[in-house]
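Counting in UniProt numbering, the sequence shown runs without a single skipped number right up to 406 at its last residue. Heads up, the beta-carbon is just placed ideally off N, CA and C, and yes, glycines get one too.
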Amino acid sequence: MEVRRRNVVRHPPEYQKSLDILQNLDVFTKLPEECEKSTSGGGLITIVTLIIACILVIFEVKNYLQPRYVYSYEVDPDFTSEIRINIDLTVATKCQHTSLDVLDTTGSSMESKGQVHYRDTIFELNKVQRRRFERRRRVVQVLRSQYHTLHDLLWKRENLLFSSHLDSTDLESLPELQAINPDHLNACHMKGTLYVRKVAGNMHIIPGRPITGLGGTHIHIAPFTSVSEVNFSHRINHLSFGELMPNRVDPLEAVEQISLTNWDSFHYKVDIVPTRVAYMFSTSDTYQYAATIKNRTANSSSNRRNIPGIFFSYDTFPLLVKVTETRDLLGTFLARLAALAGGLFATVGLIRQALCGIPEILLNTRSGRRLKTSWMRYRRTLSEKLATDGQLTVNSDAPLNPDSDT
């Protein structure tokens, strides 16, 4: 039978030499397989290490897919744009006796630049509505207290914190309201959007209707409204500035204030901070704010010059907060994965070598050598005793071999 050699591609000597060098290149020195001792414990450690490495890689990939947010500050260069006010509240006064209006420091009314819808409703909540409102208020309080740990989640476009804005429809049932006698409707629900300039201003809800008098003066008149017909207990379902963010928690959200007299006034001081959120492919201009509240009550006739109502005094901050969405580079991510896997196996190997070397180190100490000598004497004495009894024949002068059958 004729044996023929297969056709083998022949490379030039220089190429073959370089190829041999690459094939024989091994940065990590290894023992031949016949010199390595495989144990079940080592196999178990390898399996556990592989499982841990897979888990860490999964978390690393998940962390890479989740963007991070970097905060920076700069002077706000935009003074000409308008601020959008999103409002949703219920006041315990009929709509015919009160209204909402906005004035800025220039004395300009912003009523024509926004649209607010008024609807008569009932201020008191039933058990189901009260339970919803209280649950929402507790959630908002928890999110506010944990803001320092959740601040990165507040700017994500997906609703992750279950903090979608509390809408009045969650608390009111329209079919039920239609069936109620109109005389029993004792509150006014106001919901809408206003646009104001980037200057200090005042948004207020007071008795009467706003009109522009002589010389451009702004006044409210209430010719057929008595003090007994107004009460400014109110429930703020939502108040925010700028574009709506699904995970943002606003200070004046799910807030309820009860007025015990008809002369109570509620003053909110609101400090607005412009915020620009730069995503990978889009940008959102919104506003954060901080709010403080102060209540005033005019009980005596001398103090009744104070106007009862709800006042929101706002002012804008000259600094712009920039929130930039960032991700690690792909090369950095791959290098981190390689370092994670290699470092894990190297660390486990070092720990295993250290644990296996501890007995040898202990035996090389004085106490270890003494213990080893005592153990060897005990074994020799036991072997001699067994040989004397005829159960074992062994040469006492021969060294003991722990791997022998005897």
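Could you check which residue in the options has the C-alpha nearest to that of residue i?
| i | options | result |
| --- | --- | --- |
| Ala338 | Ile47, Glu60 and Ser18 | Glu60 |
| Arg138 | Tyr118, Glu253, Cys356 and Ile55 | Glu253 |
| Phe133 | Gly343, Glu256, Val270 and Leu143 | Glu256 |
| Val323 | Tyr73, Gly42 and Asp20 | Tyr73 |
| Pro274 | Arg379, Asp78, Leu355 and Gly192 | Asp78 |
| Trp155 | Lys127, Ala290, Arg276 and Ile307 | Arg276 |
| Asp285 | Arg136, Arg84, Thr373 and Phe311 | Arg84 |
| Gly331 | Tyr64, Lys94 and Ser367 | Tyr64 |
| Arg248 | Ser226, Val142, Phe232 and Leu355 | Val142 |
| Ser99 | Ala354, Leu153, Gly208 and Arg131 | Gly208 |
| Phe281 | Val321, Arg327 and Gly343 | Arg327 |
| Arg336 | Val57, Leu320, Asp20 and Leu363 | Val57 |
| His184 | Arg136, Lys62, Thr93 and Ser145 | Thr93 |
| Leu260 | Ser233, Leu244, Tyr268 and Ala187 | Ser233 |
| Val48 | Gly349, Arg136, Arg135 and Ile293 | Gly349 |
| Val321 | Thr283, Ile358, Asn126 and Thr292 | Thr283 |
| Asn306 | Val227, Leu153, Asn126 and Thr373 | Val227 |
Taking the alpha-carbon positions, what's the residue i to residue j distance?
| i | j | result |
| --- | --- | --- |
| Ile206 | Tyr71 | 39 angstroms |
| Ala387 | Thr46 | 45 angstroms |
| Gly309 | Gly201 | 16 angstroms |
| Gln129 | Thr121 | 14 angstroms |
| residue 420 | Ile52 | What the structure shows of the chain is the stretch from 1 to 406, and residue 420 is not part of that stretch, so it cannot be assessed. |
| Ile55 | Arg369 | 44 angstroms |
| Phe345 | Leu44 | 13 angstroms |
| Arg296 | Leu329 | 56 angstroms |
| Thr316 | Tyr289 | 9 angstroms |
| Leu174 | Glu325 | Note that Leu174 scores 42 on pLDDT, short of 50, meaning its location in the model is unreliable; the coordinates nonetheless yield the value given after this. Answer to the nearest angstrom: the Cα atoms are 41 angstroms apart. |
| Trp263 | Asp101 | 19 angstroms |
| Gln115 | Lys191 | 9 angstroms |
| Tyr314 | Val270 | 5 angstroms |
| Tyr69 | Val199 | 29 angstroms |
| Leu371 | Glu360 | 12 angstroms |
| Ser383 | Arg366 | 26 angstroms |
| Cys356 | Leu50 | 21 angstroms |
| Arg352 | Asp250 | 53 angstroms |
| Leu334 | Ser18 | 28 angstroms |
| Ile272 | Gly342 | 50 angstroms |
| Arg377 | Asn364 | 18 angstroms |
| Arg131 | Leu244 | 25 angstroms |
| Cys95 | Pro67 | 46 angstroms |
| Asp104 | Leu153 | 34 angstroms |
| Ala291 | Lys62 | 37 angstroms |
| Arg136 | Ile258 | 18 angstroms |
| Thr381 | Thr347 | 43 angstroms |
| Gln178 | Ile293 | Any reading at Gln178 must be qualified, since the residue scores a pLDDT of 47, below 50, and its modelled position is unreliable; no value is offered. |
| Asn186 | Arg119 | 11 angstroms |
| Tyr147 | Val140 | 10 angstroms |
Does residue i come out as helix, strand or coil in the three-state DSSP assignment?
| i | result |
| --- | --- |
| Ser18 | helix |
| Leu260 | coil |
| Leu174 | Any reading at Leu174 must be qualified, since the residue scores a pLDDT of 42, below 50, and its modelled position is unreliable; no value is offered. |
| Ile87 | strand |
| Asn63 | helix |
| Val199 | coil |
| Thr388 | helix |
| Ser226 | coil |
| Met280 | coil |
| Glu82 | strand |
| Leu355 | helix |
| Met245 | coil |
| Ser302 | Summary for Ser302: the model assigns pLDDT 49, below 50, so the residue's position carries little reliability; its value from the coordinates is reported in the next sentence. Of the three classes helix, strand and coil, the one that applies to Ser302 here is helix, per DSSP. |
| Glu360 | helix |
| Lys269 | strand |
| Gly349 | helix |
| Ser240 | strand |
For residue i and residue j, which I take to be in contact (beta-carbon distance under 8 angstroms), what is that distance rounded to the nearest angstrom?
| i | j | result |
| --- | --- | --- |
| residue 416 | Glu82 | Missing from the structure shown is residue 416; the chain here goes from 1 to 406 and no further. |
| Tyr287 | Gly242 | 4 angstroms |
| Phe311 | His204 | 5 angstroms |
| Val75 | Pro318 | 6 angstroms |
| Val230 | His97 | 6 angstroms |
Please determine whether the Cβ atom of residue i lies at a distance below 7 angstroms from any heavy atom of the ligand COA.
| i | result |
| --- | --- |
| Ser99 | In terms of ligand content, the structure shown is empty, and the ligand COA therefore cannot be addressed. |
Does the stretch 81-91 come into contact with the stretch 236-253, if we say contact requires no fewer than three beta-carbon pairs (one atom in each stretch) closer than 8 angstroms?
yes
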